[in-house]
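Engineer: Dumping the structure here so I can ask a few things about it.
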Amino acid sequence: MREGWEPWPVPTAARYRQAGLWAGRTVGDLLRELAASHGGRTALVDGAARWTYADLDVIADRVCAGFAARGVRHGDRVLVQLPNRAEFVHLWLGLARLGAVPVHAMPGHRLAEIRALLSTAEPVAYVVAERVGRVNLRGLAEQACAGLDRPPLLVIVGAHADGSGAEVAGRAGSTGGSTVEGPGRASDVMGWPALLDEGERAGPPARPVVGGRAPTSDDLVALLLSGGTTGTPKLVPRTHDDYLLAARSAAEVCGFGTDTVYLVVLPVGFNFAFSSPGVLGTLVAGGTVVLARDPSPTTTLRLVERERATAVALTPPLVPYWLDEFAISRPDLSSLRLLQVGGARIPDDLAARAEATLGVPVQQVYGMAEGLVCYTQPDDPAELRHTTQGRPMSPADEIVVADEDDRPVPPGEVGELLTRGPCTLRGYYRAEAHNRFAFTADGLLRTGDLVRQLPSGHLQVVGRVKDQVNKGGEKIAAVEVEEHLRAYPHVVDAALVAAPDPKWGECPVAFLVCDGPPPTARDVAAFLRERGLAAYKAPERVRVVDALPLTAVGKVDKRSLAATASAPEATMTALPETPAASVARGWADR
Ligand code: J2J
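Going by the numbering used here, the sequence shown opens with residue 44, and the numbers climb by one from there.
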């Protein structure tokens with residue numbers, strides 16, 4: 044056990060190294076090599092600004108030295124909440140060089156999620172955008188950190204297109220520093236440009252260490268947010284070795300090279316957009332990453348044309364919007380060679396329609412922050428491309444389709460996917476109790492996904508055993524929302540289930556047991572927002588029931604709830620009388 048996380052068993056790690064899967068290189072080393080071999084090539088584009096590989100190498104040094112000057116050390120965590128802008132990539136590469144570990148928060152996260160991340164990861168710094176759209180993220184960050192015993196250094200990335208953060212530096216004087224008063228200790232605040240200036244003054248780090256050591260390839264390079272099924276978000280530890288393998292294998296599988304131009308439409312901190320092959324896979328291959336600040340189809344299709352993008356990744360709900368926009372504006376997509384779709388299952392007919400309309404092969408990507416990622420191939424037969432979610436990217440990925448006793452089901456039958464491999468974690472970060480049932484005794488991860496494997500090896504994701512709603516790629520842990528719902532006045536009990544939804548694939552529906560006036564969906568959304576929950580987690584509909592139905596073993600029977608979740612409101616006065624429902628009523632009446 045390393046600090047807070049479980050590495051692979053020593054013989055397994057040795058096997059991965061011997062096989063050359065883990066290359067023994069850090070991201071910092073790789074960036075130096077890339078700067079030497081592709082120095083003058085464009086690596087990153089954000090709006091009108093461009094950075095070469097040589098530029099990125101210099102900036103990574105500066106970021107590394109800037110944080111080191113502020114006392115951030117190897118192994119320290121840094122919470123990151125930034126939209127799609129160049130600073131995310133600069134920061135990530137700089138932290139990798141220092142050996143400090145970015146924790147990927149999403150721009151849509153609010154007080155509840157951020158507080159949970161602060162408490163689990165105990166970051167020493169929190170890099171946050173001044174605002175995203177109309178949301179004041181800086182205010183949120185200050186509020187989240189108020190009262191902490193050891194508040195992190197707040198580093199604010201300004202709202203300006205050039206990232207200058209003028210208002211922060213202006214307010215804070217020449218050093219760019221200030222403090223925020225809270226009930227606990229005060230947070231130090233500085234602007235991103237001031238951090239870079241400090242880094243530049245300190246000079247390139249001969250050894251990027253302050254009392255620590257330089258990172259090695261078996262150290263953590265990032266903590267990713269798991270889709271999760273629990274009340275508190277779980278963090279996935281990724282090492283330099285395993286994350287670079289994921290990016291490299293993905294780049295190979297997807298045919299990425301120096302001529303690749305990858306357009307980032309999904310949030311850059313999402314594992315799909317960052318490493319499948321995403322940002323990291325494009326950089327590993329020596330290609331160009333283009334960040335779309337705005338995910339609207341109008342902007343992104345124009346960017347494909349302007350930057351001659353060759354690959355892009357979308358979640359299923361975005362695809363129809365792309366097709367509509369394409370029909371209207373007819374952009375030139377002749378550069379595009381790959382349209383990746385993943386995060387949730389794309390309807391088979393939509394995958395076929397997207398290919399036919401855009402004239403670009405659709406690649407289905409079924410992956411998880413935990414590590415395993417599967418891809419279909421452009422030269423797979425159409426049937427497999429449109430109806431399956433692909434094959435694991437590395438032959439070293441072990442998969443078992445298992446029954447409830449962890450035994451393999453007969454070929455072609457549906458079971459839970461269990462997996463183990465050179466990119467797949469062996470334990471969530473600081474989550475010992477959870478780890479005991481999230482893995483089998485042999486260290487296989489229980490993915491919670493119900494799959495079927497075809498003779499070709501391709502997987503079809505047909506359902507889920509985990510208690511989660513997948514709203515078009517955004518994962519909602521039912522337990523987390525239910526805890527908040529139970530705090531609503533007069534709500535005695537609550538269950539959140541997935542209902543089919545034409546736009547999102549699934550949407551959350553809440554079943555509430557009330558002992559007073561029941562709330563509407565609108566009341567509930569406002570309440571959850573006040574409690575600091577991200578907006579996408581609010582239930583689309585609220586159903587009021589006398590009691591929650593229970594299964595034979597006394598668990599809430601979510602299956603029977605899901606079956607009624609999309610029924611019209613008028614028919615919902617009572618649930619169908621199942622034996623479990625009557626048991627529930629009996630229990631509730633006691
Ligand atoms: C059905 N369900 C899918 C798909 C993910 C690449 C792509 C996606 C993610 C991701 C990722 C699905 N069809 N094509 O990290 O690197 C559901 C499954 C899975 C969960 C993981 C990547 N693609 N899913 O979505 O950690 O239920 O990662 O277990 O956010 O999303 O969610 P997450």
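Quick reminder that beta carbons are idealized off the backbone N, C-alpha and C, glycines included.
For clarity, every value in this text was computed on a predicted model and none was experimentally measured.
(1) With respect to the alpha helix (DSSP H) encompassing Phe480, which residues constitute its N-terminal and C-terminal limits?
(2) Please indicate yes or no: does the CB of Thr490 lie closer than 6 Å to some heavy atom of ligand 1?
(3) Compute the minimum distance between the beta carbon of Leu432 and the heavy atoms of ligand 1, and state whether it is under 6 Å.
(4) Just to confirm before moving on: does the CB-CB distance between Ile199 and Arg181 stay below 7 Å?
(5) Which runs of the alpha helix (DSSP H) spanning at least 4 residues fall entirely within the region 313-349, listed in chain order?
(6) Could you tell me the boundaries of the alpha helix (DSSP H) in which Arg60 lies?
(7) Taking the DSSP output, what are the residues bridged to Glu549?
(8) Using 8 Å as the threshold, is the region 461-468 in touch with the region 434-444, meaning 3 or more CB pairs across them?
(9) Please name the residue in Ala553, Leu64, Met44, Leu502 whose C-alpha comes closest to that of Cys466.
(10) Alpha carbons only, please: which of Pro551, Gly559, Val534, Ala143 is nearest the one belonging to Ala108?
(11) Just to confirm, does Ser437 get its C-beta within under 6 Å of one of the non-hydrogen atoms of ligand 3?
(12) For Lys518, verify whether its CB is less than 6 Å away from any heavy atom of ligand 1.
(13) Please confirm whether Ala356 and Leu309 have their CB atoms less than 7 Å apart.
(14) Is the Cβ-Cβ distance between Val587 and Cys550 less than 7 Å?
(15) Would the beta-carbon of Lys542 fall within 7 Å of that of Pro582?
(16) Can you tell which of Tyr409, Glu426, Glu413, Thr490 has its C-alpha closest to the C-alpha of Asp446?
(17) Looking at Val504 and Val457, is the spacing between their C-beta atoms short of 7 Å?
(18) Do Glu517 and Tyr471 have their C-beta atoms within less than 7 Å of each other?
(19) Check whether the region 533-542 touches the region 289-300, counting contact only when three or more Cβ pairs, one atom from each stretch, lie closer than 8 Å.
(20) Tell me, to the nearest whole angstrom, how far the beta carbon of Val405 is from that of Ala394; I am working on the premise that it is less than 8 Å.
(21) Helix, strand or coil for Gly216 per DSSP?
(22) Ligand 1 and Met149: does any heavy atom of the ligand fall closer than 6 Å to the residue's C-beta?
(23) Measuring from the CB of Val504, is there a heavy atom of ligand 1 at a distance below 6 Å?
(24) What does the alpha-carbon distance come out to for the pair Gly206 and Leu134?
Structural biologist: Let me spell this out:
(1) Counting along the chain, Phe480 sits inside the alpha helix (DSSP H) bounded by residues 475-481.
(2) Yes, Cβ of Thr490 sits closer than 6 Å to a heavy atom of ligand 1.
(3) Leu is not the amino acid found at residue 432; the sequence shown has Gln there. Yes - ligand 1 has a heavy atom lying nearer than 6 Å to the Cβ of Gln432.
(4) Result yes, Cβ atoms of Ile199 and Arg181 sit closer than 7 Å.
(5) Counting only runs of 4 or more, we get 314-318, 321-327.
(6) Counting along the chain, the alpha helix (DSSP H) containing Arg60 begins and ends at 53-61.
(7) Beta-bridge pairing links Glu549 to Pro543.
(8) In short, these stretches touch, since the Cβ pair count reaches three.
(9) Closest option to Cys466, judged by alpha-carbon separation, among Ala553, Leu64, Met44, Leu502: Leu64.
(10) Residue Ala143 holds the alpha-carbon nearest to the alpha-carbon of Ala108 among Pro551, Gly559, Val534, Ala143.
(11) Ligand 3 is not part of this structure, which contains only ligand 1.
(12) Because some heavy atom of ligand 1 lies under 6 Å away, the Cβ of Lys518 counts as near it: yes.
(13) Going by C-beta atoms, Ala356 is nearer than 7 Å to Leu309.
(14) At the C-beta level, Val587 and Cys550 stay beyond 7 Å of one another.
(15) Residue 542 is actually Ala in this sequence, not Lys. No, the Cβ-Cβ distance between Ala542 and Pro582 is not below 7 Å.
(16) Among Tyr409, Glu426, Glu413, Thr490, the Cα nearest to that of Asp446 is on Thr490.
(17) Taking 7 Å as the Cβ cut-off, Val457 and Val504 do not qualify as a contacting pair.
(18) Not closer than 7 Å, so no.
(19) No, the region 533-542 is not in contact with the region 289-300.
(20) The C-beta distance from Val405 to Ala394 rounds to 5 Å, short enough to fall under 8 Å.
(21) Any reading at Gly216 needs caution, since the residue's pLDDT is 36, under 50, leaving its predicted position unreliable; the model's value is listed next. Looking at Gly216 - three-state DSSP - the assignment turns out to be coil, as it is neither helix nor strand.
(22) The answer is no for Met149.
(23) For ligand 1, a non-hydrogen atom lies closer than 6 Å to the CB of Val504.
(24) Low local confidence applies: a pLDDT of 42 at Gly206 is under 50, so the model's placement there is unreliable, with the coordinate-based value given in what follows. C-alpha separation (whole angstroms): 13 Å.
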